[in-house]
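In short: position in the sequence shown from 1, add 17, done, that's the numbering used here.
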Amino acid sequence: MYKNQLKNEIKSIIRESLREMSLRNHVRKIVSEEVNRLFESKAINEAGEGEGEGNANIKRKAVMNLLKDDKYDHAYLAYQLWHPKDDNEKDTYRSLFSKKATGKPDNDGAVRSFTDDEITKLYELIRNK
């Protein structure tokens, strides 16, 4: 009888520990997501403030960092940026956008980058999303 009571008590302790661990993991995930959202928001807001060349660099860094996040659909952004007329242009623009966003060189070794106007448009698209 004593053995069964001890078993039940151990099961109860384990069950409670697992529940607490699950709750902690859930809270950690929520806090992590919120912190990331706040950092993104702060980066976007800081990029939008100020004027001059320094602001352009801040905006460029913010946009390039945000493009690393999978939640931003590169195809959608490419289409909004360049407005392709047909499927062939869509493929071309999607590829070009990817190369500019990742910094990977072309077949000829040239590294593409977004112009200041493109960065400004992307900044507005991401900010309004």
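Idealized CB from N, CA, C, for every residue including glycine. Source: prediction; values computed, not measured.
* Asked: Just to confirm, does residue 121 get its C-beta within under 8 Å of one of the non-hydrogen atoms of the ligand FMN?
  -> Absence of the ligand FMN is noted for the structure shown, with no ligands found whatsoever.
* From what residue to what residue does the alpha helix (DSSP H) around residue 115 run? -> Boundaries of the alpha helix (DSSP H) around residue 115: 104-119.
* Residue burial classification, residue 79 (beta-carbon count within 10 angstroms, cutoff 16) -> buried
* Using the beta-carbon count (16 or more within 10 Å), is residue 94 buried or exposed? -> buried
* Buried or exposed (CB count within 10 angstroms, at least 16 for buried), residue 118 -> buried
* Asked: What residue from 144, 76, 124 and 46 has the CA that sits closest to residue 89's CA?
  -> 144
* In the DSSP assignment, find the unbroken alpha helix (DSSP H) run with residue 132 in it and report its ends. => Careful: residue 132 lies outside any alpha helix (DSSP H) and carries neither H nor E.
* Asked: Using the beta-carbon count (16 or more within 10 Å), is residue 77 buried or exposed?
  -> buried
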